[in-house]
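Student:
There are 2 protein chains.
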Amino acid sequence: MNSNQPYETLDPQDWEKMRTLAHQMIDDSIDYLADVAERPVWQPVPEAVAATFKTPVPDQPADPAEVYDEFLTNIFPYSMGTIHPRFWAWYMGNGTIMGALADLMASVMNPNMGGGNHAASLVEIQVLNWMKQVTGFPEEASGLLVSGGSMANLVGLTIARNTLAGVDVRRQGIQSMAKKLTVYASTEVHSSNQKAVELLGLGSDCLRKIPVNADYTINLQALRDSIDQDLRSGFQPICIIATSGTVNTGAIDDLPAIADLCDEYGIWFHVDGAIGAIAMLSDTVREQLTGIERAHSIALDLHKWMHVPFEAGCVLVRDEKAHHDSFALTPEYLLKAERGLASGPAWFSEYGIQLSRSFRALKVWMTLKEHGTQRLGRMISRNVDQAQYLGQLIENSANLELIAPIGLDIVCYRFNPGDKSEEALNDLNREILLELQEQGIAAPSSTILSDRYCIRVAIANHRSRYEDFDVLVETAIRIGHSILA
Amino acid sequence: MNSNQPYETLDPQDWEKMRTLAHQMIDDSIDYLADVAERPVWQPVPEAVAATFKTPVPDQPADPAEVYDEFLTNIFPYSMGTIHPRFWAWYMGNGTIMGALADLMASVMNPNMGGGNHAASLVEIQVLNWMKQVTGFPEEASGLLVSGGSMANLVGLTIARNTLAGVDVRRQGIQSMAKKLTVYASTEVHSSNQKAVELLGLGSDCLRKIPVNADYTINLQALRDSIDQDLRSGFQPICIIATSGTVNTGAIDDLPAIADLCDEYGIWFHVDGAIGAIAMLSDTVREQLTGIERAHSIALDLHKWMHVPFEAGCVLVRDEKAHHDSFALTPEYLLKAERGLASGPAWFSEYGIQLSRSFRALKVWMTLKEHGTQRLGRMISRNVDQAQYLGQLIENSANLELIAPIGLDIVCYRFNPGDKSEEALNDLNREILLELQEQGIAAPSSTILSDRYCIRVAIANHRSRYEDFDVLVETAIRIGHSILA
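Each protein sequence line maps, in turn, to chains A and B.
The numbers in the first sequence follow the numbering used here, run straight up by one, and end at 485.
The numbers in the second sequence follow the numbering used here, run straight up by one, and end at 970.
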């Protein structure tokens, strides 16, 4: 059948031509990263370039070299800028060349990390064990690499719901429950937790957002009062979400006190550590995270302050059985075997939402092997020090003011010439931020604290030098005055 | 500050050494893929190798070349085997070298596809538009690239729940609803849909598993009866999940009839097309998928029959507003802007669970550019033809029998010498499968149909040649007889 025709596959028709092209990609990648500091942090996509993405789905093959040329011309130059030493927007990592190469090798091997007996499974198990060691979690805890903090929070909250609802949630659902389930977090809780509560069917009304103190940590008395009030009103509290590293200001909730409260009320202690938990690697920050080892579940992001390329998150769960009970489902086509491909130590699909999963463990493994915990920790410590350095620059500038205490590596400030209304200040600082980005100088993002728009500098950046903050401050002041003039 | 010390980052201390190493990785990758047919499809991880993954988290840096050597020795040779021409287990794609290189370039750029104004956003928009063109969906529909079918089904079912519950589910939750929500699918529905229903708080009791016909498609009368019964009993039906490509046998539910039923009852029509929807690319299969264009939501997997490396799934949603209403949440730290980095056409985080997202769109874009829809479609058509070819080989072999009708590219058969009990046949075929894998000849998986264990060959493989199925059949018979002897 068809055997007299040349055999068509999706492999290159000429492997040596593909080899040459792939070597070109390596050279371009190395140059791109080695020179990044010389380029603008960001530039808009020109309209003519944007127009090239309007073409219909191609029906005929194209030469791989032409496809790559199109990438080089229309995509590569118009990056988000996360790799740049002056990218401080939202909260992201830079990535590394070794992390990117790990993604190459992972996709060449192309294993499916749902489960099975192959070396990649052992890599993921090892990485999870390493994360337990880093956070002080017990060896018998379970975990899973996930896409990021959003998914890690969702997994943790799912287990909390299923474990503490008091009914068989997976079979019966929560519709027939007499009592409504409630979850507690501060007003600074990351939006992904609210999305998780919504997805789980609990409703955001049942996510109690507790006021914060002046340092943006959760107010413990208000937290206790809210739980007590709910108990009196017939609700069923199931979980407190502590945040270690709030997104606005890097505040770390009082973890030991929240652990005590969870013990006292018999409810789940989830730590959203997407921003700060990995700072357990830092000798200067670790102490602030005391209590994280008491959590029932921890969400970590490794594509943030550990600089693994997107996506790499991790959830750790103290009670392996509760974790497995919330997600395991083994239909007849996924039966395990004692030997062969379907044997093996790890069926990660039984610990999360995904069945097919990529080999993201490799880039985490290679990152930890290449750099070790101490260097990774030094990068974190330095960013915290740089946040204080930036704070000093702001304090020393007549026209700049801090808008919140500096938590971890996050600095919120604004330009304030002293004679403007709050509304005018908001408009002015909005424009300063846009011009910082548009001039390609720096890419902070923004937030709003007590109705005040501020420029928010989140320094999860292994490439940032101290002088980059001098540049930021000088330029922000220059732009501010030029707008006023 | 610290400025007199050498500046430590996570970049290579010597870019040229890293360049040399990266070129080595390219050569190793090309050789690995070009020679794959010469190697065993699978081999177990030796105990001595497995033992290397027990070491504690490294605290000191290592030379990148040494880390790579460890990968080459302990990981690369012990792959799952998905890239091999005789890998037919579960349901996976092979990947391609260009897909893997796209993952490299995506991770070098390292954008965060949560949103923002940069070229990668335009790539994902274009890919989504292409998927709408492929499935016959309207231009104004929305969509999202996700990790795979599990997540695509979860997104579709979340929108179904939120849109049809009749209350503000995101705010109020579903606990206080008077009527229980019900979802319908056949007994052959993929487990990820049950996991989604459980996650959403509906409970698997409310996922009505409807019996199938002899061809493993959903029984339409039983489906209608179940809905009517539920309506009489005070349940609130919200969604029918049609499967296009069941995991056991590749059966395609009657999509037009289910679309009509959904219209009649005013409920959501979700198509789990993780296995088969992308066969819209195939001139020989497309007609069987008629009706898919009427769905409210479709789950597709691009890391299966389109051979993009893991992970790459896609969900398409007819009603963009319903999609956005189910997932959008914009806190103060994610405010959009009219200009700059935080402007731009696409905030993908408002259409799904993840906030941080990788640039998986690039490998999909490059795959479609490199091969075009027609070649990708020919690969699918050939796999369907190969399934029929294998079916013929089985029919022509005295000791082999088909256990189910062949749907799409999935063949379920067993070795049956004719004088064994059902239980003995199950044990015998279990052993045949293990030996096929352990001898490195072929990697089908297994399933159980009507209590009969069968060898299941799922041919989503662009590298499979017709003679590979000759090898499978000859070897299975040889192993069967040698076990009996």
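Backbone N, C-alpha and C fix where the C-beta goes; we use that ideal spot for every residue, glycine too.
Just checking: is the beta-carbon of serine 677 (chain B) within a distance shorter than 9 Å of some beta-carbon in chain A?
Tutor: The residue given as residue 677 (chain B) occupies position 192 in the second sequence. Judged by the 9 Å Cβ criterion, serine 677 (chain B) is in contact with chain A.
Student: How should aspartate 470 (chain A) be labelled, buried or exposed, when 16 other C-beta atoms within 10 angstroms of its C-beta is the threshold for buried?
Tutor: In the first sequence, residue 470 (chain A) corresponds to position 470, counting from 1. Aspartate 470 (chain A) should be labelled exposed.
Student: Is any heavy atom of the ligand GTP found at a distance shorter than 8 Å from the C-beta of aspartate 27 (chain A)?
Tutor: Although the ligand GTP was asked about, the structure shown includes no ligands whatsoever.
Student: If you check the beta carbons only, do leucine 408 (chain A) and glycine 203 (chain A) fall under 9 Å apart?
Tutor: For the purposes of this step, residue 408 (chain A) is identified with residue 408 of the first sequence, where counting begins at 1. For the purposes of this step, residue 203 (chain A) is identified with residue 203 of the first sequence, where counting begins at 1. No. Outside cutoff.
Student: If you count every other CB in all the chains shown that lies within 10 Å of the CB of proline 830 (chain B), and 16 or more means buried, which is it?
Tutor: One-based indexing of the second sequence puts residue 830 (chain B) at position 345. Counting Cβ neighbours within 10 Å, proline 830 (chain B) comes out exposed, since fewer than 16 surround it.
Student: How is isoleucine 879 (chain B) classed by DSSP in three states: helix, strand or coil?
Tutor: Position 394 of the second sequence, counted from the start, is the residue given in the question as residue 879 (chain B). In this structure, isoleucine 879 (chain B) counts as helix in the three-state DSSP scheme.
Student: Can you grab the Cα-Cα spacing for the pair glutamate 139 (chain A) / histidine 296 (chain A), in whole Å?
Tutor: Taking the first sequence and counting its residues from 1, one reaches residue 139 (chain A) at position 139. Taking the first sequence and counting its residues from 1, one reaches residue 296 (chain A) at position 296. Each residue's alpha carbon lies about 14 Å from the other.
Student: Using the beta-carbon count (16 or more within 10 Å), is arginine 170 (chain A) buried or exposed?
Tutor: To locate residue 170 (chain A), count along the first sequence from 1; it is residue 170. Its Cβ being crowded by 16 or more others within 10 Å, arginine 170 (chain A) is buried.
Student: State the DSSP-derived secondary structure class of histidine 755 (chain B), mapped to helix, strand or coil.
Tutor: Along the second sequence, read from residue 1 onward, the residue named residue 755 (chain B) stands at position 270. DSSP places histidine 755 (chain B) in strand when its eight states are reduced to three.
Student: Tell me, please, whether the CB atom of asparagine 2 (chain A) is closer than 9 Å to any CB atom in chain B?
Tutor: Taking the first residue of the first sequence as position 1, residue 2 (chain A) is located at position 2. For asparagine 2 (chain A), the predicted model reports a pLDDT of 48, less than 50, meaning its position is unreliable; a value from the coordinates is still stated below. Yes - at least one Cβ of chain B is within 9 Å of the one on asparagine 2 (chain A).
Student: Where does glycine 686 (chain B) land, buried or exposed, given buried means 16+ other C-beta within 10 angstroms?
Tutor: By 1-based counting over the second sequence, the position of residue 686 (chain B) is 201. That one is buried.
Student: Of all the residues that make up the stretch 191-214 of chain A, which are near chain B by a beta-carbon distance shorter than 7 Å?
Tutor: So the close ones are Ser191, Ser192, Gln194, Lys195, Glu198, Leu199, Leu200, Gly201, Leu202, Gly203, Ser204, Asp205 and Cys206.
Student: Classify methionine 486 (chain B) as helix, strand or coil using the three-state DSSP reduction.
Tutor: Within the second sequence, numbered from 1, the residue matching residue 486 (chain B) stands at position 1. At methionine 486 (chain B), the pLDDT of 45 sits below 50, so the modelled position is not reliable; the number obtained from the coordinates is stated separately. Correct three-state label for methionine 486 (chain B): coil.
Student: Would you list the one or two residues that DSSP bridges to proline 491 (chain A)?
Tutor: The structure shown does not extend to residue 491 (chain A), since chain A is modelled only from 1 to 485, so the question has no answer here.
Student: Buried or exposed: which applies to asparagine 881 (chain B), given that a residue is buried once 16 or more other Cβ atoms fall within 10 Å of its Cβ?
Tutor: In the second sequence, counting from the first residue as 1, residue 881 (chain B) sits at position 396. Exposed, since its Cβ has fewer than 16 Cβ neighbours within 10 Å.
Student: Taking one C-beta from the stretch 931-945 of chain B and one from the stretch 327-335 of chain A each time, how about it: are there three or more such pairs within less than 8 Å?
Tutor: In short, these stretches touch, since the Cβ pair count reaches three.
Student: Considering glycine 480 (chain A), what are the terminal residues of the alpha helix (DSSP H) in which it resides?
Tutor: For the purposes of this step, residue 480 (chain A) is identified with residue 480 of the first sequence, where counting begins at 1. Element bounds for glycine 480 (chain A): 466-484.
Student: Looking at the secondary structure, which residues open and close the beta strand (DSSP E) in which glycine 628 (chain B) lies?
Tutor: Taking the second sequence and counting its residues from 1, the one referred to as residue 628 (chain B) is at position 143. Glycine 628 (chain B) -> beta strand (DSSP E) spans 627-631.
Student: Please compile the residues from chain B whose C-beta is within a distance smaller than 8 Å of the C-beta of lysine 180 (chain A).
Tutor: Taking the first sequence and counting its residues from 1, one reaches residue 180 (chain A) at position 180. Those are Gly658, Gln660 and Ser661, listed as they occur along chain B.
Student: Taking the beta strand (DSSP E) that aspartate 900 (chain B) belongs to, which residues open and close that run?
Tutor: Within the second sequence, numbered from 1, the residue matching residue 900 (chain B) stands at position 415. A small correction: the amino acid at residue 900 (chain B) is phenylalanine; aspartate does not occupy that position in the sequence shown. Note, phenylalanine 900 (chain B): beta strand (DSSP E), 895-900.
Student: List the residues of chain A whose Cβ lies closer than 8 Å to the Cβ of methionine 765 (chain B), in chain order.
Tutor: Position 280 of the second sequence holds residue 765 (chain B). Result: empty, since nearest Cβ-Cβ is about 11 Å, beyond 8 Å.
Student: With respect to the beta strand (DSSP E) encompassing alanine 299 (chain A), which residues constitute its N-terminal and C-terminal limits?
Tutor: Counting from one through the first sequence, the residue named residue 299 (chain A) turns up at place 299. Per DSSP, alanine 299 (chain A) belongs to the beta strand (DSSP E) from 297-301.
Student: When you compare the stretch 63-72 of chain A with the stretch 21-35 of chain A, are there three or more beta-carbon pairs, one atom per stretch, that lie closer than 8 Å?
Tutor: Enough Cβ pairs lie closer than 8 Å, so yes.
Student: Rounded to the nearest angstrom, what separates glycine 149 (chain A) and aspartate 301 (chain A) at their Cα positions?
Tutor: Position 149 of the first sequence, counted from the start, is the residue given in the question as residue 149 (chain A). Position 301 of the first sequence, counted from the start, is the residue given in the question as residue 301 (chain A). About 5 Å.
Student: Listing by chain order, which chain A residues have their CB less than 8 Å from the CB of leucine 649 (chain B)?
Tutor: Along the second sequence, read from residue 1 onward, the residue named residue 649 (chain B) stands at position 164. In chain order: nothing, as chain A lies at least about 14 Å away.
Student: Where DSSP assigns a beta bridge to proline 444 (chain A), which residues make up the other side?
Tutor: As a working mapping, residue 444 (chain A) is identified with position 444 in the first sequence. DSSP output for proline 444 (chain A) lists A:Trp88 as bridge partner(s).
Student: I want to see whether chain A comes within less than 9 Å of leucine 716 (chain B), judged by CB atoms only; does it?
Tutor: Mapped onto the second sequence, residue 716 (chain B) falls at position 231. Output row for leucine 716 (chain B): interface = no.
Student: Who are the neighbours of histidine 788 (chain B) on chain D, taking C-beta pairs under 8 Å?
Tutor: Structure shown: chain D not included; protein chains present are A and B.
Student: Which two residues bound the contiguous beta strand (DSSP E) that contains tyrosine 184 (chain A)?
Tutor: For the purposes of this step, residue 184 (chain A) is identified with residue 184 of the first sequence, where counting begins at 1. Looking at the DSSP string, the run of the beta strand (DSSP E) that includes tyrosine 184 (chain A) is 181-186.
Student: Tell me which residues share the same chain as asparagine 911 (chain B) and place their Cβ nearer than 6 Å to its Cβ, disregarding the 5 neighbours each side in the sequence.
Tutor: As a position in the second sequence, residue 911 (chain B) is number 426, starting the count at 1. Excluding residues within five positions, the ones whose Cβ falls inside 6 Å are Tyr938.
Student: Kindly say whether asparagine 597 (chain B), judged by its beta-carbon, lies nearer than 9 Å to any beta-carbon of chain A.
Tutor: What you label residue 597 (chain B) is simply residue 112 of the second sequence in a count that begins at 1. Yes, asparagine 597 (chain B) lies at the interface with chain A (some Cβ there is under 9 Å from its Cβ).
Student: Between the stretch 711-738 of chain B and chain A, which residues of the former have CB atoms less than 8 Å from a CB of the latter, in chain order?
Tutor: For the stretch 711-738 of chain B, which is checked against every Cβ of chain A, the residues closer than 8 Å are Val732 and Asn733.
Student: Within 9 Å (strictly less), CB to CB, does valine 457 (chain A) reach chain B?
Tutor: Reading the first sequence from its first residue, position 457 is the one you call residue 457 (chain A). So, not an interface residue.
Student: Does the CB of valine 956 (chain B) have a neighbour CB from chain A at under 9 Å?
Tutor: As a first step, residue 956 (chain B) must be located in the second sequence, where it is residue number 471. Chain A contact via Cβ: absent.
Student: Grab me the residues of valine 612 (chain B)'s own chain with a C-beta within less than 6 Å of its C-beta, minus the 5 sequence neighbours each way, in chain order.
Tutor: Within the second sequence, numbered from 1, the residue matching residue 612 (chain B) stands at position 127. If we look at valine 612 (chain B) and ignore the five residues flanking it on each side, its Cβ neighbours are Ala846, Val849 and Trp850.
Student: Rounded to whole angstroms, what's the CA-CA distance from tyrosine 517 (chain B) to proline 529 (chain B)? Just pull it up for me.
Tutor: As a working note, residue 517 (chain B) is residue 32 in the second sequence. As a working note, residue 529 (chain B) is residue 44 in the second sequence. Whole-angstrom Cα-Cα distance: 18 Å.
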